[in-house]
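Residue numbers (this note's numbering), protein chains in the order written: chain L, 7 to 347; chain W, 7 to 347.
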């Protein structure tokens with residue numbers, strides 16, 4: 007079975023974006039609560055792009071199931087206030103629930119959280135618990151920078167975040183550490199903010215004893231871990247210079263990387279330096295890069311091809327494609343079992 | 007000849023740091039101008055660490071010459087005000103002038119600039135011109151985030167920066183795009199802020215037509231370009247999706263990467279995806295990582311070993327070790343010639 011750990015509902019109806027824009031405009035005009043509901047989409051409207059694009063590509067590329075969350079770039083935690091973030095988050099998670107319930111063999115649900123800059127993540131617990139316990143969500147995305155490129159909240163390792171980590175441990179679901187859009191003109195979202203968020207989160211974890219406090223907490227760092235595998239020597243060296251334990255011991259029971267790296271040399275490097283137990287197949291499809299690589303004739307984001315081409319044994323590929331995802335997201339097993347028939 | 011394009015005066019006397027701390031304290035106590043001068047160091051004091059560490063390692067590792075600039079992490083443009091930044095910058099550049107004049111075969115001077123957040127970089131032109139024209143400096147470091155991790159100034163491609171780019175072109179010196187310390191608790195300096203700064207700068211350049219306006223402007227992105235080579239497929243794909251020219255045409259006449267990547271697999275990847283003309287040997291020695299890699303038995307930052315081990319021909323190694331540096335920093339030729347004997 008091929009499990010893609012990194013999918014977003016990027017083929018949602020365009021009207022979703024228009025609705026969100028109106029919500030932001032309403033906020034800017036002074037509306038700080040009582041936001042209007044999204045109108046009901048028909049199944050046809052809601053599933054059109056999904057079927058013609060994401061499900062078609064799954065089938066073409068041989069991907070069985072994707073972990074599926076709201077569009078990361080549109081989480082926009084920096085927009086509006088906490089009430090708006092909560093309202094928007096529920097709207098988005100409702101759509102994920104609907105899609106994954108309609109196509110449970112193709113998609114398993116992963117939640118957005120109602121983060122808001124300056125607001126303690128305690129405000130996320132209710133939404134997270136509801137989605138996991140009532141609707142079978144198997145994980146969530148946590149934005150390490152709800153300020154959208156200004157990084158004004160505390161690092162992930164600060165006790166500011168502890169109630170969220172406690173809840174994740176209690177529910178036995180992992181977090182993908184994934185920033186959203188950037189409102190800082192310095193950071194292009196998919197070309198800078200995403201990769202910087204990944205790199206920054208990893209270094210925060212390296213500096214801290216978070217996983218002593220939460221030995222079973224699991225985090226997935228997307229986009230191949232940002233700059234981390236490329237600079238694996240730097241990180242090993244920094245840890246050593248600081249008298250920290252070796253990375254394997256310090257982090258690698260808890261931190262995982264996806265394969266959203268859009269060329270063969272990058273995925274080769276990952277598999278060379280990162281233990282195979284810590285690599286989860288992911289494609290972010292349909293996402294950051296949509297074109298055909300003229301050097302290969304295949305889509306940049308057809309990352310399955312890169313994993314297929316790795317010079318590793320089938321048992322290791324099995325880990326990357328399926329086993330690691332089931333281990334990191336244990337609730338996925340129940341989801342798959344329940345929807346097998 | 008082996009030229010290391012990335013060295014900082016990290017072995018300066020400890021008293022320099024104490025002096026700087028006192029300056030920051032004085033500012034915080036209300037002193038906003040008329041900062042006290044650094045006391046004169048004797049040659050013995052000033053060169054002690056340099057001789058016992060940096061020059062010894064150069065000799066041990068077979069490095070002939072390093073481009074030598076003030077300690078990047080201590081530029082601290084976010085500290086104090088413009089007057090303090092100017093004072094501190096002159097102090098640091100004076101030390102670089104003294105060191106490189108004393109050991110011109112080992113070191114060629116590269117300048118720090120008196121940047122300050124919210125201040126247009128016009129304020130850097132006089133210092134830059136003085137160092138280049140009067141003292142033979144061959145390049146400078148430009149901090150893309152003078153706010154030290156809050157990224158509140160405009161992107162490098164904004165016309166805010168144009169007077170500086172004009173001056174660099176006029177003087178025919180390149181800029182290494184190098185952040186300084188971080189005052190944002192989210193960003194560890196060498197483990198996150200540096201690599202994020204590199205990645206962010208590259209993406210800014212990808213989005214802009216800066217090099218149409220300045221066809222001869224040259225920028226070196228240190229630390230192997232942050233996340234860039236690892237995500238070269240992503241960048242090629244993003245450029246293509248946006249209808250931008252291929253990266254080679256768009257950027258690679260103007261943008262260069264050093265080899266400050268502290269393990270063999272990382273340097274292998276660089277040389278696989280980045281044209282050899284765009285790679286400059288650099289070690290950042292003595293710098294970010296000082297220990298011995300237990301996996302190899304050699305120093306993490308002995309990057310010459312990684313380049314030596316690349317599966318490329320001698321002509322290509324010659325480019326990485328010498329020719330590219332002479333081309334990107336043309337004033338280096340005069341420096342070397344002048345101090346040959």
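Note that beta-carbon positions come from the ideal geometry of N, C-alpha and C, so glycine has one too.
For the stretch 190-278 of chain L, the full-length alpha helix (DSSP H) segments reaching 4 residues or more read 200-213, 216-219, 238-247, 253-256 along the chain. Contact between residue 260 (chain L) and residue 209 (chain L) is absent: CB atoms are separated by about 15 Å, not below the 8 Å threshold. About 19 Å separates the beta carbon of residue 325 (chain L) from that of residue 67 (chain L), a gap too long to meet the 8 Å contact definition. In the structure shown, the three-state DSSP call for residue 294 (chain L) is coil.
Between residue 91 (chain L) and residue 121 (chain L), the beta carbon gap of about 6 Å places them in contact (Cβ cut-off 8 Å).
Rounded to whole angstroms, the gap between the alpha carbons of residue 119 (chain L) and residue 305 (chain L) is 31 Å. Residues of chain W with a Cβ closer than 8 Å to the Cβ of residue 210 (chain L) are, in chain order, 192, 194, 198. Note that the C-beta distance between residue 238 (chain W) and residue 279 (chain W) is below 8 Å.
About 27 Å separates the beta carbon of residue 115 (chain W) from that of residue 153 (chain W), a gap too long to meet the 8 Å contact definition.
Of the candidates L:186, L:204, L:181, L:202, L:181 places its Cα closest to the Cα of residue 222 (chain L). Residue nearest to residue 194 (chain L) within the set L:156, L:26, L:97, L:11 is L:156 (criterion: CA-CA distance). Around the beta carbon of residue 62 (chain L), fewer than 16 other beta carbons sit within 10 angstroms, so the residue counts as exposed.
Between residue 292 (chain L) and residue 48 (chain L) the beta-carbon gap is near 22 Å, outside 8 Å, which marks them as no contact.
With its beta carbon at least 8 Å from every one in chain L, residue 34 (chain W) lies outside the interface. Counting only the Cα atoms, residue 79 (chain W) lies some 26 Å from residue 341 (chain W). When C-beta distances to chain W are compared with 8 Å, the residues of the stretch 232-257 of chain L below that value are 232, 233, 235, 236, 237, 238, 239, 240, 241, 242, 243, 244, 246, 247, in chain order.
Per DSSP, the continuous beta strand (DSSP E) segment holding residue 148 (chain L) begins and ends at 145-148.
150, 151, 155, 156, 157, 158, 159, 160, 161, 162, 164: these are the residues of the stretch 150-169 of chain W whose beta carbon lies less than 9 Å from some beta carbon of chain L, given in chain order. Scanning the stretch 302-340 of chain L from its first residue to its last, the whole alpha helix (DSSP H) runs of 4-plus residues come out as 309-314, 320-324, 330-334. Interface flag for residue 67 (chain W) against chain L is unset, since no Cβ pair is found closer than 8 Å. Contact between the stretch 293-302 of chain W and the stretch 246-264 of chain W is absent: fewer than three C-beta pairs spanning the two stretches fall below 8 Å. In the three-state scheme derived from DSSP, where H, G and I count as helix and E and B as strand, residue 179 (chain L) is classed as coil. It is roughly 41 Å from the alpha-carbon of residue 276 (chain W) to the alpha-carbon of residue 130 (chain L). The Cβ of residue 267 (chain W) sits closer than 8 Å to at least one Cβ of chain L. If you look at residue 103 (chain L), you'll find it in the alpha helix (DSSP H) that goes 88-108. A straight line joining the alpha-carbon of residue 25 (chain L) with that of residue 44 (chain L) spans about 7 Å. Of the other Cβ atoms in all chains shown, fewer than 16 fall within 10 Å of the Cβ of residue 281 (chain L); this residue is therefore exposed. In this structure, residue 71 (chain W) and residue 15 (chain W) do not form a Cβ contact; the two beta carbons are roughly 15 Å apart against a cut-off of 8 Å. In the structure shown, the three-state DSSP call for residue 13 (chain L) is strand. Assignment of residue 56 (chain L) by DSSP, reduced to helix, strand and coil, places it in the helix class. Distances from the alpha-carbon of residue 169 (chain W) to those of W:148, W:185, W:345 put W:148 closest. Under the Cβ distance rule, residue 294 (chain L) counts among the residues neighbouring chain W, one pair being separated by less than 8 Å. When W:192, W:7, W:175 are compared, the shortest CA-CA separation from residue 159 (chain L) is found for W:192. Close to residue 271 (chain W), with beta-carbon spacing below 9 Å, are these residues of chain L in chain order: 235, 236, 238, 239, 274, 275, 278, 279. Around the beta carbon of residue 315 (chain W), fewer than 16 other beta carbons lie within 10 angstroms, which makes this residue exposed.
Contact of residue 262 (chain L) with chain W by beta-carbon distance below 8 Å is absent, the smallest such distance being about 17 Å.
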